[in-house]
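This report refers to the structure that appears directly beneath it.
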Amino acid sequence: MYRIAIIGAGPAGYFTAQAFQKAQSDDLAFAIDMIERLPTPWGLVRSGVAPDHPKIKTVSKVFEKIAKEPNFRLFANVELGKDVSLKDLRDQYDVVVLATGASKGRKLGIPGEELANVLTSAEFVPWYNSHPDYVKTQVELSCDTAVVIGAGNVAMDIARILAIEPTALDPTDVANHALVKLKQSNIRTVIICGRRGPEHAAFTATELRDLPKLENTDVFIDSKQIEDAIKRISELDEIEKDLKNNIEAMRLIGEQQKKEAARRLEIKFLSAPVEIKGDGKVAEIIFKVNKVEGGKVVATKDTFSIKTGLVVTAIGYDSIEYPGVKIKSGRVSNIAGHVEHNVYVTGWAKRGPVGVIGTNKSDSSDVVELIIKNLTEPKISEGITGLLKSGHEVIDQIAWEKINASEVISGQITGKPRVKVVDWKQLISLGKN
Ligand code: NAP
7 MYRIAIIGAG PAGYFTAQAF QKAQSDDLAF AIDMIERLPT PWGLVRSGVA
57 PDHPKIKTVS KVFEKIAKEP NFRLFANVEL GKDVSLKDLR DQYDVVVLAT
107 GASKGRKLGI PGEELANVLT SAEFVPWYNS HPDYVKTQVE LSCDTAVVIG
157 AGNVAMDIAR ILAIEPTALD PTDVANHALV KLKQSNIRTV IICGRRGPEH
207 AAFTATELRD LPKLENTDVF IDSKQIEDAI KRISELDEIE KDLKNNIEAM
257 RLIGEQQKKE AARRLEIKFL SAPVEIKGDG KVAEIIFKVN KVEGGKVVAT
307 KDTFSIKTGL VVTAIGYDSI EYPGVKIKSG RVSNIAGHVE HNVYVTGWAK
357 RGPVGVIGTN KSDSSDVVEL IIKNLTEPKI SEGITGLLKS GHEVIDQIAW
407 EKINASEVIS GQITGKPRVK VVDWKQLISL GKN
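Counting in our numbering, the sequence shown runs from 7 upward without gaps.
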């Protein structure tokens, strides 16, 4: 039997465990230990997916099925590099798979980014999703206009959360501290700014098609920008289906009859942020106008500015460093998932912050296939037992199930899918009871 340590209990970690479970045969057996820094598993399904997208979260049922298999153990509240070292794990396990994601928000690198109320998606999203480390994130929603930088699905999630009528979040698992602030928010205009054209946007059509369904928010896209993009792509030899669907969804948004709602969400393209201004706190953001010329995005001499009291950047993520783990271009340095010796990597830590939750399934399957090819004789070792200090409060699967049940019960009382506990110590004590 081979001992496998998977670090990180997010989608990539669970799909890796599943791939090992599926690969088992009479001659090949795996004992899987999943190690997670937080006292709760599910990674981005818990702290990333937008609260108004509950369907996406149903994948957690798959995770729980994986966790119920007899060869699976959860060790949450165990931090790599603090409670256990990579070196010790490498010695004790036949294989260590890093599924540690990418949790550091990329920065624009422009003047003014350090001003108060300029946040990255890596701070803002976990704040509204009850991540225990981000409860105290300073978020001020007293201004009337917010700007979200980036033309991807994370930017869209953030803009939607800021732009929708907050009572729409009542029946969701949004963090209570965030809901209170959103209900007091003065923000009535949210502007998403993408630096390239509509044809280059990273949004997906499903998310775009949801925008016109917002009941109390009008969504604006400059129809001229969409028409220009349609002209440009019509000159291409081949138009990919996803691009076609995206542009069509944007065209419909542009043409949609507006409701004269008090809240507006606007998507602006070809707008590259160059400076954020303010006296201690953000007050204005300056953009350079870009244009598409000969298929390339180039800057024009034109600029414009938006007066705003909140800027959230959603321009991607980098992986964070752990002792013994090298980061190159924001990812764990690897070749097709192999890091070195018996260490492998999967998910966003392997390929960068791209792909939806399901992308991790095929990615992890490929890595597990490679791992199995490289297996040698199984080690005789104790695994994690003996590595952790005595008295270390591990949240195992049973403890997690207690936390999970308690959160779901609190939700039932208030008409929500769950009420997430945000306090680390309280989570641990719920697991012990
Ligand atoms: P993303 O899809 O890569 O989008 C990042 C955006 O940031 C791009 O528009 C990019 O523009 C822009 N950007 C990067 N650097 C910039 C800069 N310096 N200045 C201005 N703009 C800049 O990343 P994401 O939104 O973080 O999403 C990550 C992954 O999660 C994606 O695969 C996404 O689909 C997925 N996701 C899915 C869902 C869902 O299915 N509902 C929800 C959330 C996230 P360029 O293209 O010009 O670089």
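Cβ coordinates follow ideal geometry from the N, Cα and C atoms, glycine included.
- Relative to the ligand NAP, the beta carbon of S31 is positioned no closer than 7 Å to any heavy atom.
- The continuous alpha helix (DSSP H) containing H183 extends over residues 182-190.
- Here the alpha carbons of A208 and A161 stand approximately 10 Å from one another.
- DSSP, reduced to helix, strand and coil, places N380 within a helical segment of the structure shown.
- Going by DSSP, V414 is part of the alpha helix (DSSP H) stretching over 403-420.
- A straight line joining the alpha-carbon of R357 with that of A289 spans about 36 Å.
- Its chain contains G260 as the residues whose beta carbon lies nearer than 6 Å to that of S229, once the 5 sequence neighbours on both sides are disregarded; these appear in chain order.
- For the 8 Å CB-CB criterion, V154 and A15 do not form a contact.
- Taking T309 as the centre and dropping the five residues before and after it, the same chain places the C-beta of V280, I292, F293, K294, V295 closer than 8 Å to its C-beta, in chain order.
- The C-beta distance from R270 to D324 rounds to 32 Å, too long to meet the 8 Å contact threshold.
- The region 235-312 is shown to contain whole beta strand (DSSP E) runs of 3 or more residues at 269-274, 277-284, 288-299, in chain order.
- Under the rule that a run must span 3 or more residues, the beta strand (DSSP E) segments found entirely inside the region 187-216 read 195-199.
- When C-alpha distances from D97 are compared across Y8, K274, R194, N192, the shortest belongs to Y8.
- Counting the other CB atoms within 10 Å of its CB gives N252 a total of 16 or more, which places it among the buried residues.
- Within 7 Å of the C-beta of V360 there is at least one heavy atom belonging to the ligand NAP.
- In terms of Cα proximity to N366, the closest of T64, L376, K426, W354 is W354.
- Residue pairing by DSSP places I38 opposite I10, F78 in a beta bridge.
- Sorting K426, S148, T151, L276 by C-alpha distance to the C-alpha of V414 places K426 at the top.
- Here L104 is bridged, per DSSP, to I13, V351.
- If you check the C-beta of V280 against the ligand NAP, you find no heavy atom less than 7 Å away.
- Around the beta-carbon of G19, 16 or more other beta-carbon atoms lie within 10 Å, marking it buried.
- Scanning its chain for C-beta atoms nearer than 8 Å, with the 5 sequence neighbours on each side dropped, one finds around E266 the residues D224, in chain order.
- The closest heavy atom of the ligand NAP lies 7 Å or more from the beta carbon of G203.
- Taking 7 Å as the cut-off, the C-beta of V160 counts as close to a heavy atom of the ligand NAP.
- Where V225 is concerned, the enclosing beta strand (DSSP E) starts and stops at 223-227.
- Exclusion of the five residues before and after Q30 leaves F36 as the residues of its chain whose Cβ lies within less than 7 Å of its Cβ.
- Beta bridge pairing from DSSP links Y328 with V331.
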